[in-house]
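**Q**
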Amino acid sequence: MNILCVEDERVIARYIESLVKEVLIGSDYSFKHVEDIEDAASMLVEKSIDLLLLDLNLHGRNGFELLAHSVSGAFNTIIISANTDQAIKAFEYGVIDFVPKPFNKERLQQAFNRVEQKRTAGKGARYLCVKKASQLIRIEVENIHHIQGAGSYSELYLNDGSVLLHDKNLEKLLEILPASYIRLHKSYLVDLSHIVSIKSYPGSKYEAQLADGVTLPVSRQRVTSLKQQLSET
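Shown next as structure tokens:
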């Protein structure tokens, strides 16, 4: 898990980092800290994150400025702020939790539990974002035709025929996409609802035919489970 903490008070940032270390003990994660909106915005463009820990009062500026220019669904957000009067507005931005200051390990643990519950619930992101010309572009998941692996990146093939590069690999995308997304092959993801049939060829080769006639390869290891999933839809 890649975590970005945006907090303008270094003492509090260090306190948050120490609690995160306790909450995520034994887990694989990275923790980065920046103090202002500009640095945070740059970080979001340069690096893919999974969780944003965001204060609302950042050198006199409102942390909502960052959310307004970021992509809902591209990462989860926990607000950590003394501005409890902003809680309702925060949830309108789709944040996972609002942790009021002062707080302790137990309260932060509760917030992290909610992040995990969302991830395992399989609701998935409504949007993905890609970086293009130093900007974040929001892509609606429903506009994705299929996804193909490209090393440590992924190529999003859109319904309009365009292709965009995403900086998460297929494995990480599966963690945030809707539960209807499945892995056909080591190099392909697709929404199960787009598949109309499975084609078999000599030599134990298989393809999934999509509603628009496009076919994608299916690995031998996944064909049985895919047929079962299709029979249950």
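The numbering used here numbers the first residue of the sequence shown as 2 and each following residue consecutively. Idealized CB from N, CA, C, for every residue including glycine. It should be emphasised that the depicted structure is a prediction, and the values quoted were computed from it without experimental measurement.
1) So, helix, strand or coil for Glu10, using DSSP?
2) With C-beta atoms as the reference, is Asn58 less than 8 Å away from Ser82?
3) Is Lys102 helix, strand or coil by DSSP?
4) Leaving aside the five residues before and after Phe92 along the sequence, list all residues of the same chain whose C-beta is less than 8 Å from its C-beta, in chain order.
5) Can you have a look at Gly64 and say buried or exposed, based on whether 16 or more other CB atoms are within 10 angstroms of its CB?
6) Of all the beta strand (DSSP E) runs that stay within the bounds of the segment 4-82, which reach a length of 3 or more residues?
7) So what does DSSP say about Leu193, is it helix, strand or coil?
8) CA-CA distance, Asn114 and Val24?
9) Measure how close the beta-carbons of His147 and Leu217 come, nearest whole angstrom, since I'm counting them as under 8 Å.
10) In chain order, what residues of the same chain have a beta carbon less than 6 Å from the beta carbon of Ile80, not counting five sequence neighbours either side?
11) Nearest to Gly214 by alpha carbon, out of Glu143, Ser153, Ile199 and Tyr16?
12) Excluding five sequence neighbours on each side, which residues of the same chain lie with their C-beta closer than 7 Å to the C-beta of Ser188?
13) When the distance is taken between beta carbons, is Leu165 closer than 8 Å to Ala126?
14) Can you round the beta-carbon distance between His195 and Leu211 to whole angstroms, since I take them to be within the 8 Å contact cut?
15) Select from Gly204, Ser205, Lys169 and Val46 the residue whose C-alpha is nearest the C-alpha of Leu190.
16) Hey, would you say the C-beta of Ile26 is under 7 Å away from at least one heavy atom of the ligand GTP?
**A** Taking the geometry as given:
1) coil
2) yes
3) coil
4) Setting aside the 5 residues that flank it on each side, Phe92 is surrounded in the same chain by Phe99, each with a C-beta closer than 8 Å to its C-beta; the list follows chain order.
5) buried
6) 31-35, 52-55 and 77-82
7) helix
8) 10 Å
9) 6 Å
10) Excluding sequence neighbours, Ile80 sits near Leu55, Ala91, Val96 and Phe99.
11) Ile199
12) Gln149 and Gly150
13) Not in contact: Ala126 and Leu165 (Cβ atoms no closer than 8 Å).
14) 5 Å
15) Lys169
16) Of ligands this structure carries none, so the ligand GTP is not represented either.
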